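First the structure, in the form of structure tokens, and then the observations on it.
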Amino acid sequence: MEAPTLIGSEPAAPKIFTSPAEKSYRVQNQAAPQAATTGTAAPKNATAPKTAAAPSAEAAPQPTGKTIYAITASTCTADTGTGAQATPFCSLQHAVDAASPGDTIQVAGKIEGGNPARSPESVVIRTSGLTIVGGDNIPQVSSVGDKPTLTLDGVSDVTVSHLYLDAYTGSGTIAVKGSSRITLDSNHLWAGNDKSIGVTIDGASSDVAVTRTHVSPAPTVSNTAITVAAGAKNVTLAGNLLAASGIAATGVQGLNVTGNTIQRGCLPAVAVDGAATAVSVQNNLLVESTDAAACDSGAPAVTVSAESAAGTTSDYNDFYSAVANGAGPYRWAGTAYPTLAAFKAAQAQAAKPQGAHDTVEAVAPQVVGNGYDFGVAYALQPGATAIGAANPSAPGALTTDYFGSGPMTDRGAVKFQSTNPGFAMALTAKNTSAYGISLAVDVTTRPVAQDLYVNWGDGSTDIVNFAGDKPVQSTLNHVYKTLGSYTVTATDYDHSGNTVRNTVDVTTVGSQYTAYGPKRLLDTRDGTGAAQAAQVPAYGTVRVKVGGNGGIPTGVTAVVLNVTVTNPVTPGHIDAYPDGGAQPTTSNVNYQAGQTVPNLVTVPVGANGYVDLYNGGWGAVDVIADVTGYFTQSNAAGYNPVGPTRLVDTRTGIGAPAGQVGAYSAVPVQIANAAPGIPGAGISAVALNVTVTNPRSDGHLTVYPSGQPLPTASNVNFTAGQTVANAVIVPVGADGRIQVFNGAWAAADVIVDVVGYYYAGSGAAYMPVIPERLVDTRDASWGGSLPGRNYLPLHMTNRTDIPAFVFNTTVTNTADAGHLSVAPDPNTWDAYQNGYAQPAAAPNVSTLNWRRGDTVPNLAQATPGNGIVDLFNESDGSTDLIVDIFGYYQLG
Numbered sequence: 002m003e004a005p006t007l008i009g010s011e012p013a014a015p016k017i018f019t020s021p022a023e024k025s026y027r028v029q030n031q032a033a034p035q036a037a038t039t040g041t042a043a044p045k046n047a048t049a050p051k052t053a054a055a056p057s058a059e060a061a062p063q064p065t066g067k068t069i070y071a072i073t074a075s076t077c078t079a080d081t082g083t084g085a086q087a088t089p090f091c092s093l094q095h096a097v098d099a100a101s102p103g104d105t106i107q108v109a110g111k112i113e114g115g116n117p118a119r120s121p122e123s124v125v126i127r128t129s130g131l132t133i134v135g136g137d138n139i140p141q142v143s144s145v146g147d148k149p150t151l152t153l154d155g156v157s158d159v160t161v162s163h164l165y166l167d168a169y170t171g172s173g174t175i176a177v178k179g180s181s182r183i184t185l186d187s188n189h190l191w192a193g194n195d196k197s198i199g200v201t202i203d204g205a206s207s208d209v210a211v212t213r214t215h216v217s218p219a220p221t222v223s224n225t226a227i228t229v230a231a232g233a234k235n236v237t238l239a240g241n242l243l244a245a246s247g248i249a250a251t252g253v254q255g256l257n258v259t260g261n262t263i264q265r266g267c268l269p270a271v272a273v274d275g276a277a278t279a280v281s282v283q284n285n286l287l288v289e290s291t292d293a294a295a296c297d298s299g300a301p302a303v304t305v306s307a308e309s310a311a312g313t314t315s316d317y318n319d320f321y322s323a324v325a326n327g328a329g330p331y332r333w334a335g336t337a338y339p340t341l342a343a344f345k346a347a348q349a350q351a352a353k354p355q356g357a358h359d360t361v362e363a364v365a366p367q368v369v370g371n372g373y374d375f376g377v378a379y380a381l382q383p384g385a386t387a388i389g390a391a392n393p394s395a396p397g398a399l400t401t402d403y404f405g406s407g408p409m410t411d412r413g414a415v416k417f418q419s420t421n422p423g424f425a426m427a428l429t430a431k432n433t434s435a436y437g438i439s440l441a442v443d444v445t446t447r448p449v450a451q452d453l454y455v456n457w458g459d460g461s462t463d464i465v466n467f468a469g470d471k472p473v474q475s476t477l478n479h480v481y482k483t484l485g486s487y488t489v490t491a492t493d494y495d496h497s498g499n500t501v502r503n504t505v506d507v508t509t510v511g512s513q514y515t516a517y518g519p520k521r522l523l524d525t526r527d528g529t530g531a532a533q534a535a536q537v538p539a540y541g542t543v544r545v546k547v548g549g550n551g552g553i554p555t556g557v558t559a560v561v562l563n564v565t566v567t568n569p570v571t572p573g574h575i576d577a578y579p580d581g582g583a584q585p586t587t588s589n590v591n592y593q594a595g596q597t598v599p600n601l602v603t604v605p606v607g608a609n610g611y612v613d614l615y616n617g618g619w620g621a622v623d624v625i626a627d628v629t630g631y632f633t634q635s636n637a638a639g640y641n642p643v644g645p646t647r648l649v650d651t652r653t654g655i656g657a658p659a660g661q662v663g664a665y666s667a668v669p670v671q672i673a674n675a676a677p678g679i680p681g682a683g684i685s686a687v688a689l690n691v692t693v694t695n696p697r698s699d700g701h702l703t704v705y706p707s708g709q710p711l712p713t714a715s716n717v718n719f720t721a722g723q724t725v726a727n728a729v730i731v732p733v734g735a736d737g738r739i740q741v742f743n744g745a746w747a748a749a750d751v752i753v754d755v756v757g758y759y760y761a762g763s764g765a766a767y768m769p770v771i772p773e774r775l776v777d778t779r780d781a782s783w784g785g786s787l788p789g790r791n792y793l794p795l796h797m798t799n800r801t802d803i804p805a806f807v808f809n810t811t812v813t814n815t816a817d818a819g820h821l822s823v824a825p826d827p828n829t830w831d832a833y834q835n836g837y838a839q840p841a842a843a844p845n846v847s848t849l850n851w852r853r854g855d856t857v858p859n860l861a862q863a864t865p866g867n868g869i870v871d872l873f874n875e876s877d878g879s880t881d882l883i884v885d886i887f888g889y890y891q892l893g
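Heads up, the numbering used here is the position in the sequence shown plus 1, with the first residue counted as 1.
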């Protein structure tokens, strides 16, 4: 016989998690830890340094008060927190309202589906002296109605940094009203509609700095990124990236527009109107896109009104147009100049010449894939005239650029990166096991040595040192200790001082068990859980609602059901599979006409929370489904195999007094400490094989946790004189015991064998697979039926982290009465291949029992030993054996 395909190499349907290069971003002023940059071996669990906030052009006083925590994520909906780190507020407004002068508000975000989560609220700050700072995950706040996303109303000494503010419906992202000494630094502002403006500063405000901020417009070429109203005083706009938008100031008294990269739309990049004074426009990179060149307005890049011309200095700016016939660099004091040469010529004789050091950029700046700066051509290329051409003495000039790199000697917002201008990184993660993730890192880089730090989100970090090329790919693997969702952060430090970072959210694919019930979810005899009381027709399907039913949460991955068929008109079988999935070629319950047959089923649940039960017979049948537990992709109870070991045999007095269990009576079964390997406490549920034999009447057995009421569910159904076994997974009572109830009007013997238990905080996670038929001795390739008193060694895996498999075993064409035992094999597969394997001994337990001519199924949670599972035919006659696999358990 050939061994089946080895199981457990990777998940049957791994999920893919991606974060493209466009989502990566440069990190401000960071270098790799010293151990990596010097070539010294860095520790595997070293922690990459945190992102440092960029220095502000106008620093607020250092906070001296407390720190208040808030989270902006759509998953945080019940705003009942206290503002502590462990119980943060769910809204920024709540945190602001709770703050006092001198307090810091630390805002956390969450990336959902590759984008920052959107928290809908329009926040108003009315308390002075606050510092509001976001974290690495770019906390996002989205406007509500027609209001700005964030309003500073009559406050002073407030700093807002590292937030993602989205004017999705509102009139703007940030509004500064009657406020002073305000610093807005390193924020990302999205003007989400045609009427919204990035930042508005009213005429009653003074000493306002907007630095290192990116403004993304709505899909239009007519937005204004920053407006300053008449009467405003001492405003600095420096180091900003403005996409398809510009700056408009009217009658301002003191304005520095310094070192910005402005990819303007149809409006001017910088417009100074009214009687403005003390205005400086210097060191800017002003890019005219093809969209702007196509505008009818033909607005020049910089316009300065006649009233403002005397009080304005414009110099050291760099102009680039995507088309040869652009609108021109200047309209000065009412006169438009089509070329920079024409403007300089006109200014040469002026008392205060302008633009003497201005240049026309011959080398186009490039758009670099970057999740925070998409759409802005900011990367200076070799040979650009803007390189090294900034005026370091310009009012408002920053010493470091948008990304925190310095010293800043170039025009525009971003320093020229001579070694790595296109530095970017894409991440692709994939499930490799129940707890495992592989991460493919694809770095676009120039050839330079670099250090890649991958923080897995669980406190551990892997480090890869390599010499860069274009591109560089590296695959890393990680195994989490607990199931759940994690944010993986990859940071690449090159040895030229550049740093790029990207993050991707991953979720482990394994599931752990939560005991539940037993509870009846479906009974077609009386209509429980069905549309009506009616048998499932031939080749028909009945749906069973699991997720969201009776306290079972939505999002369950798999469920354990005891499925019973009764009153069948003809022979047939039942297939259990997730609703919406493909019907498998395997079977779960096999039955004959008139027979009542139960079988335990572990089956994945469809995305809609339903499981389908298909009647594969050509006659109608009643179907009953009782739930005993479910699996979720979170840390719950893991599976631990033991034995198999016999706990109770009323025929001989093992684990209970010798003698049959009386009619409508229960026998207690000790689980805690009952066998080697079973702990004394903390057991959530136990996996058993329960057999009834020598029953004096028809009836059923119900297995349930001690200390709880007898449920209506059943586990084993039998007729007088029949021996029937069924797998059972049942919660364990607080006293460490379960009860086996004889629901017949006459006595019966009961046998209980344990095969494993579920324990909170430890054990293996469940991995469902696409159901597959591993063994069918009716197929000639298997060499015929399994002879009596013989066994079949089934080679399942070469891995050591798979402690158990979930099979459905079926016997048919049984030549004599007997039972099937399933146990781990002590040999290795190599011993079988080379002919020195020692015969395995059958255990003193049974998985399923049969009479001559019966077809009987039963679920088996089988331990593979050295990767091999043995199936013993404990009868004097041959039998055909069918083995279907439905999943396996895997350790972390």
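Ideal placement from N, C-alpha and C gives every residue a C-beta, glycine not left out. Computed from a predicted model, the values in this text were never measured in an experiment.
Per the C-alpha coordinates, the member of Ala244, Asn235, Gly260 and Ala230 positioned closest to Gly252 is Ala230. By the Cβ test, the stretch 682–701 is not in contact with the stretch 537–547, since fewer than three Cβ pairs between them sit closer than 8 Å. When DSSP states are grouped into helix, strand and coil, Gln382 belongs to the coil group. Between Pro825 and Thr19, the alpha-carbon positions lie close to 40 Å from each other. If you check the CB distance, Thr132 and Thr160 come in under 8 Å. For Tyr759, the pairing in a beta bridge is given by DSSP as Tyr640 and Ala686.
Within its own chain, the residues whose Cβ lies closer than 7 Å to the Cβ of Tyr578, once the five positions on either side in sequence are excluded, are Gln584, Pro585, Val604 and Asp613, listed in chain order. The stretch 813–832 makes contact with the stretch 784–798: 3 or more CB pairs, one atom from each, lie closer than 8 Å. In the three-state reduction of the DSSP assignment, Trp783 falls in the helix class, which pools H, G and I.
Unbroken beta strand (DSSP E) runs of no fewer than 3 residues, entirely contained in the stretch 537–572, are found at 542–546 and 559–567, following chain order. For Leu341, the enclosing alpha helix (DSSP H) covers residues Leu341 to Gln348.
Annotation for Leu428: the continuous beta strand (DSSP E) segment containing it runs Ala425 to Asn432. Taken in chain order, the whole alpha helix (DSSP H) runs of length 4 or more contained in the stretch 648–707 number zero. In the DSSP annotation of this structure, the continuous segment of the beta strand (DSSP E) that includes Asp871 starts and ends at Ile869 to Ser876. Ser309: member of the alpha helix (DSSP H) spanning Ala307 to Ala310, first to last residue. Looking only at Gly681, Ala675 and Thr651, the smallest Cα-Cα distance to Val668 is reached by Thr651. By the CB criterion at 8 Å, Arg447 and Asn466 fall outside the cutoff. The three-state secondary structure of Ala748, taken from DSSP, is coil. In terms of Cβ geometry, Thr542 and Lys16 do not form a close pair [threshold 8 Å].
Take His479, set aside five residues on each side of it, and the residues of its chain with a beta-carbon closer than 6 Å to its own are Ile438 and Trp457, in chain order. Within a 10 Å sphere around the beta-carbon of Pro393 sit fewer than 16 other beta-carbons, which makes this residue exposed. In this structure, the beta-carbon distance from Thr490 to Asp506 does not fall below 8 Å. Runs of alpha helix (DSSP H) with 4 or more residues, each lying fully within the stretch 225–310, are found at 291–294 and 307–310, listed in chain order.
Sequence-distant partners of His701 (beyond 5 residues in either direction) whose C-beta falls short of 8 Å from its own C-beta, in its chain, are Ser715, Asn716, Val717, Asn718, Phe719, Gly744 and Ala745.
Trp830: member of the alpha helix (DSSP H) spanning Trp830 to Gln834, first to last residue.
Residue pairing for Thr492: DSSP places it in a beta bridge opposite Tyr454 and Arg502.
Secondary structure remark: continuous beta strand (DSSP E) runs of at least 3 residues inside the stretch 563–629, in chain order: 573–579, 590–592, 598–605 and 611–616. Three or more beta-carbon pairs drawn from the stretch 625–638 and the stretch 518–532 are found closer than 8 Å, and the two stretches are therefore classed as touching. Residue pairing by DSSP puts Gln367 in a beta bridge opposite Ala380. The stretch 347–364 and the stretch 312–331 touch, with no fewer than 3 CB-CB distances between them shorter than 8 Å. Closest by C-alpha distance to Thr500, out of Lys431, Ile464, Thr262 and Met426, is Met426.
Ranking Ala380, Ala210 and Gly135 by CA distance to the CA of Ala71 puts Gly135 first.
Look at the beta carbons and you see the stretch 546–554 not touching the stretch 798–816: under three pairs across the two are nearer than 8 Å.
With contacts defined by Cβ atoms closer than 8 Å, Ala676 and Val643 form a contacting pair. Three or more Cβ pairs closer than 8 Å define a contact, and the stretch 870–880 falls short of that threshold against the stretch 749–756. Burial state of Gly329 is buried, judged by a 10 Å Cβ sphere holding 16 or more other Cβ atoms.
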